[in-house]
Structure formats: C-alpha cells, structure tokens
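Chains as they are written, first to last, in our numbering: chain U, 1 to 550; chain A, 551 to 720; chain W, 721 to 826.
The C-beta atom is built at its ideal place from N, Cα and C for all residues, glycine as well.
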Amino acid sequence: MYAYDKYDHAIVSARVAEFRDQVERRLSGALSEEEFRPLRLMNGLYLQLHAYMLRVAIPYGTLNSVQMKRLAHIARRYDKGYAHFTTRQNVQYNWPKLVEAPDILQELAEVEMHAIQTSGNCIRNTTTDQFAGATNEELEDPRPYAELIRQWSSFHPEFAFLPRKFKIAITAADKDRAAIRWHDIGLVLKQDAASNLGFEVVVGGGMGRTPVIGKTIRDFLPKDDLLSYLEAILRVYNAAGRRDNKYKARIKILVEETGVDIFTKQVEDEWTRTRNDGIDFPAEEEARIRAHFTPPPLEVLPAWSDLETISAKDPKFSSWLRNNTDSHKVSGHRIVTISLKPHGGIPGDATADQMDLVAELADSYSQSEIRVSHEQNLILPHVAERDLPALYKILNEAGLGTPNAGLLTDIIACPGLDYCALANARSIPITQAITNRFNDIQRLEDIGELKIKISGCINSCGHHHAGHIGILGVDRKGEELFQIMLGGSGDADASKGILLGRGFPADQIVGAIETVVGVYMDAREEGELFLHAVRRLGTQPFKEALYGNA
Amino acid sequence: METLSLSGIVPQRIDRIEEGSNIAEGQAVLLSATDLTDFDPAVLSSAGSIGLMVNGGDDFGALPQDLEQFSLINIHFNAFTDGRGFTLARRIRRDAGFKGELRASGPLMPDQTQYLARTGFDSLVLEDTCRKADFQTSLTRFALFYQSAQDGSVPVTKLRHPVSDVRKVS
Amino acid sequence: MAKKIKGPQIILANRLDDGRAVFFTPKQNWSYQASDAWLAIDEAAQQQAMEAAMKSDADNTVIGIEFIGASDSENGPVPTHAKHIIQNTGPTVRLDLGYQAEGAGA
Ligand code: SF4
Numbered sequence: 001m002y003a004y005d006k007y008d009h010a011i012v013s014a015r016v017a018e019f020r021d022q023v024e025r026r027l028s029g030a031l032s033e034e035e036f037r038p039l040r041l042m043n044g045l046y047l048q049l050h051a052y053m054l055r056v057a058i059p060y061g062t063l064n065s066v067q068m069k070r071l072a073h074i075a076r077r078y079d080k081g082y083a084h085f086t087t088r089q090n091v092q093y094n095w096p097k098l099v100e101a102p103d104i105l106q107e108l109a110e111v112e113m114h115a116i117q118t119s120g121n122c123i124r125n126t127t128t129d130q131f132a133g134a135t136n137e138e139l140e141d142p143r144p145y146a147e148l149i150r151q152w153s154s155f156h157p158e159f160a161f162l163p164r165k166f167k168i169a170i171t172a173a174d175k176d177r178a179a180i181r182w183h184d185i186g187l188v189l190k191q192d193a194a195s196n197l198g199f200e201v202v203v204g205g206g207m208g209r210t211p212v213i214g215k216t217i218r219d220f221l222p223k224d225d226l227l228s229y230l231e232a233i234l235r236v237y238n239a240a241g242r243r244d245n246k247y248k249a250r251i252k253i254l255v256e257e258t259g260v261d262i263f264t265k266q267v268e269d270e271w272t273r274t275r276n277d278g279i280d281f282p283a284e285e286e287a288r289i290r291a292h293f294t295p296p297p298l299e300v301l302p303a304w305s306d307l308e309t310i311s312a313k314d315p316k317f318s319s320w321l322r323n324n325t326d327s328h329k330v331s332g333h334r335i336v337t338i339s340l341k342p343h344g345g346i347p348g349d350a351t352a353d354q355m356d357l358v359a360e361l362a363d364s365y366s367q368s369e370i371r372v373s374h375e376q377n378l379i380l381p382h383v384a385e386r387d388l389p390a391l392y393k394i395l396n397e398a399g400l401g402t403p404n405a406g407l408l409t410d411i412i413a414c415p416g417l418d419y420c421a422l423a424n425a426r427s428i429p430i431t432q433a434i435t436n437r438f439n440d441i442q443r444l445e446d447i448g449e450l451k452i453k454i455s456g457c458i459n460s461c462g463h464h465h466a467g468h469i470g471i472l473g474v475d476r477k478g479e480e481l482f483q484i485m486l487g488g489s490g491d492a493d494a495s496k497g498i499l500l501g502r503g504f505p506a507d508q509i510v511g512a513i514e515t516v517v518g519v520y521m522d523a524r525e526e527g528e529l530f531l532h533a534v535r536r537l538g539t540q541p542f543k544e545a546l547y548g549n550a
Numbered sequence: 551m552e553t554l555s556l557s558g559i560v561p562q563r564i565d566r567i568e569e570g571s572n573i574a575e576g577q578a579v580l581l582s583a584t585d586l587t588d589f590d591p592a593v594l595s596s597a598g599s600i601g602l603m604v605n606g607g608d609d610f611g612a613l614p615q616d617l618e619q620f621s622l623i624n625i626h627f628n629a630f631t632d633g634r635g636f637t638l639a640r641r642i643r644r645d646a647g648f649k650g651e652l653r654a655s656g657p658l659m660p661d662q663t664q665y666l667a668r669t670g671f672d673s674l675v676l677e678d679t680c681r682k683a684d685f686q687t688s689l690t691r692f693a694l695f696y697q698s699a700q701d702g703s704v705p706v707t708k709l710r711h712p713v714s715d716v717r718k719v720s
Numbered sequence: 721m722a723k724k725i726k727g728p729q730i731i732l733a734n735r736l737d738d739g740r741a742v743f744f745t746p747k748q749n750w751s752y753q754a755s756d757a758w759l760a761i762d763e764a765a766q767q768q769a770m771e772a773a774m775k776s777d778a779d780n781t782v783i784g785i786e787f788i789g790a791s792d793s794e795n796g797p798v799p800t801h802a803k804h805i806i807q808n809t810g811p812t813v814r815l816d817l818g819y820q821a822e823g824a825g826a
C-alpha cells in the first residue's frame, strides 16, 4: 500500500498545525462559529446531537495493521472505546472533544492518516472496490489512481469551496462493489481495442432528495489524462453549479438542468485547455505510486483439500466460508469479509479491542493488510485457505464471525437520530429489530442475497435508494415513521428503489419486511435473486401484501 | 481599509467610482462593466488607469474583451463560502492571460489567503484589519503543494522527479 | 433560526469545547438536564430568557443556541421532540455511553 514520503508527511503535518491554530483561534473568539464551521468540516469535525464527531479518512478503504491499532488507541484515549465504520470507507468517532481534535489528527499523521476533506463542500475521500488488488475480477488495481486523485484533490486551491460536497469512486471490476454510478463522478477502468487502459467517465450520480444515477459523458478517457479531465469537470461545476439552494447544489442537478450533451461539451471544451496545463502527473509519478501497490508475495498454493472436509463437519464454518469469503487472484487464498453486523448489534461499530484483534489477525494471516468496505465491513484481503478454520474460530469468539455477508442482515445503516443532528428517525433500532428477527443463518441463506439499506433522513447516508429493500426514516408530526422502497441497486446495473407507500411506525417495520420477504419467497423462480424477482414482478404484489387492495 | 499583498507586488491605489460621480484627471478608477459603458468615453479617457470590478459569480465568457486594457481586476466574493471567484481568477489568468493586478475583496477568511494566492490573486482588500496577522500567517501555511498553480510554486511531483519530462506543459 | 415553534419552550445549545448538549436554566447558567431548564411559557418570558442566554454566548462558551418545544412535568421541563429527548438522554442504543451515564455532575 501507499507509504508517505517526506513531502506527504510535511503536507499532512502542516495541516495538523493549521487546524491546531484554527481551534485556538476559535476558542479565543478570533474565529466566529460561522467561519470555523467550514474549516472544522474540512477536517472532518462535525457537531452532532451529543458531542462533536470526527470522521477520519481511510483512503480508498486500505489500511495496515499499525494504522488499525492507532485507530483503536484513539478510540480508547480520546473516545469511548469504540468507532464506527461508514459507507464511505471512513471511520467515525462519536465523542471527541474540540480541544483534543488537533491531538487526534497529530496521532493520525504519525501513522500516515488524516481527516482531510472528509466533510465540507470539497472533494471527498475517493472510494473504490474493497477487494482491489486481491480479486481476480479486475483489470488492474485501481488504488494507484485513487491515490493520484487523493494528491491532486488535497488542498486544491480552486476547489475548496464548491457549491456542495463532491464524491468520486473508481472500480476496475465488472462487478461494481463501489457503487460508482451513485457518485458525483464514477470511473470505470477499461481497455480499448488496442489494449490501452482508460476510464469510462460517469457524472452526476447521487442520492439525497433527488436520487439520480450517473450518466456516462465519455466512454473512454486515456488513463494519462485522468486528472486534467477531472479538473475540467470540477471547473465547470464550480463556476456553474447552483449556490442558491443547497438541495440543488450537487453536480447531478447541474447536469440535469444543463442537459447532459451541453454539459459534456462544456467539459470537453474546458479540457482542451486543462489537458495542456501540466495538471496530469508525469508517468514517473504514476509509476512511483504504483510501485507501492505491488501485490504481496503470496505463495501460490494448490486449493486446500481439507477445507471441504472441515466445512462438511461444521455447518457454521461452512456458512461463513460460503458467505464471507471470496475468491482471490492467487490460488490457495481467499478474501475474508469480517462482518460488523452481528445480529442485534450496531452496523459498522467496532470496539477498540476488536480493532486491535483485527490488526493482529491481519499481521498473522493477511500480510498486515485490512480493507474497509462501503458496506461497513472489514476485510482481510489475503488469507491462505489453510488458515481459514483458525481465523474463523478467533473471529467467532470475538463476536466478529457472523456469517452474513451479502445476506439480509448485512444491513447498511446510518447513525440516524441516535447521533445525527440532521436525522428524522432512528436507523439503528430498526436494524436491530430486523436482525434480531432474521437471525437464523439457514433461513437467511435460503432467502439469499438481499441488501437492506436504511437512512435516518433524506440525506441518504444509509444509501436507501440503492437498497434491494430501502428504508427511509421520516418525521410525521413528531412520530418516527419508516418508508419502504424496493428494487434499488448499487451495482453495475444501478437502479433507484421505488417507494411502496405510506410509512410504518417502528414497531411494524419488522412485520412489513417479513411480508415483503414472504411475497418474494412465494413468487420467486428457481434460483432467482430478490432484486431480480422485484424487477420481474414490479412493486404491485408487494404493495398489495402490505397495504391490501384498497 | 487596507489592501494586503499576496504575491509580493505593491497593491495599486485605486478608487471605486460609481456611475454619476466625477473622475479627476489622471485618477486611477475602479469601475464595474456597466459603469464602463455608462460613463462618457471622454470622461473615461481622462482617467489615469482603469480597473474592472467583477463579481465572483460573473460569467467569464461575458467579461469585456481585451482585459489587458485594465490595470487591475477586482473580483468580489459575496461570501467566503462562495468559491466561484477562485475559478474566475484562474480563468482570467490562464485563459485570458491577464497580467495586471488581480485583487480579491469581500468577506473572506484569514484561512483563505493561500488559496487566493495560488489561484492567481495578487492582493486582498482587508475588511477587518484587526486580524491582519492571521491573514498573513495563513499565506505561508503550506510550503509544499500537490498541484501546480497560478503562483508558480513547484508541485511535489516535480520535486520527486526533478528531471522528468512532464508530459504536458503549455 | 429555524421555524417558529409555539407553546412553552426551553433553550438548548451545545458546549463549545466538547459539544455536549446543555439547557439554559433560570439561574442563568447551563445544565446537562432538561429538567433544570428555564421553561418560558409566553413570549415575554421567552424574550427575557433568550436575551439572558445570548449573554453567555458572548462568553464564547456555547454554540447553536435555540428554542425547543417542552412541557412541564413534576420533575421539571421535558423536551417535546424525539431528537431533543435523545439529546437529553444520550443515544438510545447505547445509553451506557452518553455523558448522562457518567452521572449528573457538572
Ligand atoms: S442519512 Fe440523515 S440521519 Fe442518517 S447520517 Fe445521514 S444525515 Fe444523518
């Protein structure tokens, strides 16, 4: 993975010093709260219901064991012994003190981490496939490009005060695990007829009040032109994006209002200038960065024959193996997903002890590497098959062995009204109610792949628009109600969920999910996944089952 | 009010003149594009030099032709959160090749001076001079940068690869 | 300020240094508990309470001062809205973690 050189260290340290100074000026009154707010947000510091919240970037979801241990240490020393992994490959602390925030940033900088641009109206942490560099499904490891973007976008002087936040995602695999079509810019690594590498450029996706699936504005952008092309998009957006209404300020609205053809022309026109501006990094720099992502020296092993025997004897292990491990590009290895979704637990939360344990396991079994997925799970990307039984045993004893990756209880949920100042309703208790009900693994496997995503308000941090079942919390005259939508997807075949009807109170939501699942189980064809069944059947049968024929 | 130098130049002395007021012989005057068309050309020609007052949100394509006729362009920011002025500055410098003084005004924050300098501004009108020291400190906050920018600073990619033939530089 | 609310109100803010939710009391200081809050029934009282609260804003100790709806109970004022109830109690899913769980000390 990427390692800072002296320049990266100097830049990140300068940022820590800057923020320390800003906090001091805020405390002394030299900066007003109005001025300080965007400054603290650009360092990932929010004010929530009970305390400040600090969002730390895990660039493109990759971290090593030393960094994970530091995150655990921060949770203990400055917080309440736990942290929350988010849908954007970030980690959040719920209880830091303003006065201690600069110290936390300092501790992060020491292990080459930061909270730069994790919030605010600027270019955010670039996200990518959590299996990057390990999966056999990708064209090339996309993370070097994400690192290029990280450097280009960090403290970009022109784009620090955009109309609204700006999120970029990259994938290099056909199976889109990064939901790139739901981002302001989505990039798909591709090969042209002559085997040159480049990107399909997708612009204007986003959730929120107006969910939009991104549109392709360029089928193939040579990879060497990536940054100058991004600069062109950002320049058009910064100049013309709406600033009169924060709900219309995302680039998706600009693209819709301008028309995708005209917008594309404007970008291409701007690019005729930016591409000659020395913005693209030299080939040596790309090579330098790529060298940091050399695949780890894994021994090519034959498929481990005992695996099946062990798995046949232990149904729990067998489920875990099926659901929580994926094929690796090096034979004899698997990619392991550690579920942060224990039934009845809080999605994405991990205690400091669990984080330390994962770091140790990464050292023992996964080349010291860890990944964070947008589905709020942790990944050990390089595990030898023969180590799987031992690893599973340890994970299971630490409450990290729930074999539910990709199943109904692998729910994405935002913090909701329990923490978030913008929330309308509580997402976490709903999640807990659902996972407590559907806690039988056999039943879950029978239901098959089913992604439930829950947001506590229309800002959609829980990605409800992209859930096979999406749940949105609303506030109806002080009562928390939950609306259900069906048929959303974040994959390559991205789609928006369709709202079924009026919302349900919290105590009826589990029953409603049972009903929806029941309709699917009755109507599904052999091997048909929930999403495909919804697409075939439409929402009508589900509506009838929930609301009757009226 | 005081004008802070961002690029090291000595800021020009210039007076903001509204339509209907007088221009003294040889006076350096700052006018908006509409003032410019409303003034009697004979009066204008008596001015020592003319600066153009624009808003950060103004459309670059709609600015007067031939920006070099102006000794100074002042971009006004409506709010410190309205970053359009940064892009406008970049375009005035890069695309129009403007060489004169580029000045920022409006309710900007101390922490923005380096961004201003890097997008091509030479000077900043300080609305509150009591924080002048903070404005100055932030001007040199970062010594290293990932991007090439309008201030001519050397990006770290160049430091990392001093002899690289950078693919594309105009 | 957000939309105008009707009926009895109390004043809520967050402390600048640690962000903790606090309520303005008739003793003109800030408490962790809504039950200590100054319940301002009519407009005159509300104006008086807000003016007093704003004075402590000038000391730069709290941020986001706002009125919230509340009702009276035998133990003192209680916020009306779910969000403010949660601010008064801590996260409902981790009551062990809120500042409230540390005891009511100042
Ligand atoms: S979706 Fe709404 S409630 Fe949930 S974290 Fe985002 S802003 Fe908060």
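Helix, strand or coil at W:G739 according to DSSP, with G and I counted as helix: Translated into positions along the third sequence, residue 739 of chain W becomes position 19. Reduced to three states, the DSSP call for W:G739 is coil.
Any non-hydrogen atom of the ligand SF4 within 8 Å of W:P799 CB: Translated into the one-based positions of the third sequence, residue 799 of chain W becomes position 79. The answer is no for W:P799.
Integer Cβ distance of U:T337 from U:I379, believed to fall under 8 Å: For the purposes of this step, residue 337 of chain U is identified with residue 337 of the first sequence, where counting begins at 1. For the purposes of this step, residue 379 of chain U is identified with residue 379 of the first sequence, where counting begins at 1. Contact flag correct, Cβ pair sits at about 5 Å.
DSSP beta-bridge partners of A:S555: Taking the second sequence and counting its residues from 1, the one referred to as residue 555 of chain A is at position 5. Beta-bridge pairing links A:S555 to A:S673.
Given U:T409 as reference, the closest of U:E445, U:G399, U:R386, U:N396 once Cα atoms are compared: Locating residue 409 of chain U in the first sequence gives position 409, where the first residue counts as 1. Checked all of U:E445, U:G399, U:R386, U:N396; the closest Cα to U:T409 is U:E445.
Rounded straight-line distance, which links the Cα of U:V23 to that of U:V300: Mapped onto the first sequence, residue 300 of chain U falls at position 300. Mapped onto the first sequence, residue 23 of chain U falls at position 23. Cα-Cα distance, rounded: 52 Å.
U:Y392, DSSP secondary structure in three states: The sequence position of residue 392 of chain U within the first sequence is 392, counting from 1. U:Y392: helix per DSSP, three-state reduction.
Near the ligand SF4: U:G473 beta-carbon under 8 Å from a heavy atom: By one-based count along the first sequence, residue 473 of chain U stands at place 473. Indeed, a heavy atom of the ligand SF4 lies less than 8 Å from the Cβ.
Chain-ordered residues of the stretch 333–350 of chain U with a beta carbon less than 7 Å from chain A: none
Proximity test, Cβ basis, 9 Å: U:S65 and chain A: Locating residue 65 of chain U in the first sequence gives position 65, counting from the first residue. No, its Cβ sits nowhere closer than 9 Å to a Cβ of chain A.
Local conformation of U:S373 per DSSP, three classes: Reading the first sequence from its first residue, position 373 is the one you call residue 373 of chain U. Three-state DSSP puts U:S373 in coil, outside helix and strand.
Assigned secondary structure, A:P705 (DSSP; H/G/I helix, E/B strand, else coil): On the second sequence, position 155 is the one that residue 705 of chain A refers to. A:P705 falls in the coil class under three-state DSSP.
Residues of the stretch 250–284 of chain U with Cβ closer than 8 Å to any Cβ of chain A, in chain order: R273, R275, N276, D277, G278, I279, D280, F281, P282, A283, E284
CB contact below 9 Å: A:D661 versus chain U: Taking the second sequence and counting its residues from 1, one reaches residue 661 of chain A at position 111. By this cut-off, A:D661 is an interface position.
Cross-chain neighbours of U:D418 in chain W, by beta carbon under 7 Å: Reading the first sequence from its first residue, position 418 is the one you call residue 418 of chain U. What U:D418 touches in chain W: I806, P811, T812, V813.
The ligand COA heavy atom lying under 8 Å from the CB of U:P415: Looking for the ligand COA in the displayed structure turns up nothing; the ligands present are the ligand SF4.
U:P505 burial status per 10 Å Cβ neighbour count (16 or more: buried): What you label residue 505 of chain U is simply residue 505 of the first sequence in a count that begins at 1. Answer is exposed; the Cβ neighbour count stays below 16.
8 Å Cβ shell around U:P302 - same chain, five flanking residues per side excluded: The residue given as residue 302 of chain U occupies position 302 in the first sequence. Result list for U:P302: S331, G332, in chain order.
Proximity winner among U:E375, U:L361, U:S427, relative to U:N396 (alpha-carbon distances): Position 396 of the first sequence, counted from the start, is the residue given in the question as residue 396 of chain U. Checked all of U:E375, U:L361, U:S427; the closest Cα to U:N396 is U:L361.
Check whether A:S703 and U:E18 have beta carbons under 9 Å apart: Position 153 of the second sequence holds residue 703 of chain A. Position 18 of the first sequence holds residue 18 of chain U. In this structure, U:E18 does not lie closer than 9 Å to A:S703 by Cβ.
Heavy atom of the ligand SF4 within 8 Å of U:S489 beta-carbon: Here residue 489 of chain U refers to the residue found at position 489 when the first sequence is read from its first residue. Checking every heavy atom of the ligand SF4 against the Cβ of U:S489, none is found closer than 8 Å.
Per-residue DSSP class, three states only, for U:G206: Counting from one through the first sequence, the residue named residue 206 of chain U turns up at place 206. Residue state, collapsed to three classes: strand.
Under 7 Å from the C-beta of U:R426: neighbouring residues of chain W: Along the first sequence, one-based indexing puts residue 426 of chain U at 426. Near U:R426 (Cβ distances below 7 Å), the residues of chain W are T812.
Residue from U:T216, U:Y4, U:H343, U:A384 whose Cα sits closest to the Cα of U:D306: In the first sequence, counting from the first residue as 1, residue 306 of chain U sits at position 306. Looking at the Cα atoms, U:A384 is the closest of the given residues.
U:S119 CB to nearest heavy atom of the ligand SF4 below 8 Å: By 1-based counting over the first sequence, the position of residue 119 of chain U is 119. Incorrect: U:S119 has no Cβ contact closer than 8 Å to the ligand SF4.
Minimum C-alpha distance to A:A654 - residue among A:H711, A:I642, A:E618: The residue labelled residue 654 of chain A in the question sits at position 104 within the second sequence. Checked all of A:H711, A:I642, A:E618; the closest Cα to A:A654 is A:I642.
Distance between A:D645 and A:S720 (C-alpha atoms, nearest Å): In the second sequence, residue 720 of chain A corresponds to position 170, counting from 1. In the second sequence, residue 645 of chain A corresponds to position 95, counting from 1. Confidence at A:S720 is low in this model, with a pLDDT of 38, below 50, so its placement is unreliable and the value that follows should be read with caution. So the alpha carbons of these two residues sit roughly 12 Å apart.
Three-state secondary structure (DSSP) of U:Y2: The sequence position of residue 2 of chain U within the first sequence is 2, counting from 1. Reduced to three states, the DSSP call for U:Y2 is coil.
U:S455 Cβ short of 8 Å to the ligand SF4 heavy atom set: Working through the first sequence from its first residue, we reach residue 455 of chain U at position 455. Yes, the ligand SF4 has a heavy atom inside 8 Å of this Cβ.
U:Q92 - partner residues in DSSP beta bridges: The residue you call residue 92 of chain U lines up with position 92 of the first sequence. According to DSSP, U:Q92 bridges with U:R55, U:H84.
Residues in the stretch 138–155 of chain U having any Cβ partner in chain A nearer than 7 Å: Q151, W152, S154, F155
At least three beta-carbon pairs within less than 8 Å, the stretch 390–407 of chain U to the stretch 100–107 of chain U: no
Residues near U:A146 in its chain [Cβ-Cβ closer than 6 Å; skip 5 each side]: Here residue 146 of chain U is taken as the residue at index 146 of the first sequence, counted from 1. If we look at U:A146 and ignore the five residues flanking it on each side, its Cβ neighbours are Y60, T126, T128, I170.
C-beta atoms of W:S755 and W:S793 nearer than 9 Å: Walking along the third sequence from the start, residue 755 of chain W turns up at place 35. Walking along the third sequence from the start, residue 793 of chain W turns up at place 73. Yes, they are a contact pair.
beta-carbon U:I458 near the ligand SF4 non-hydrogen atom, thresh 8 Å: For the purposes of this step, residue 458 of chain U is taken as residue 458 along the first sequence, with counting starting at 1. U:I458 Cβ: within cutoff of the ligand SF4.
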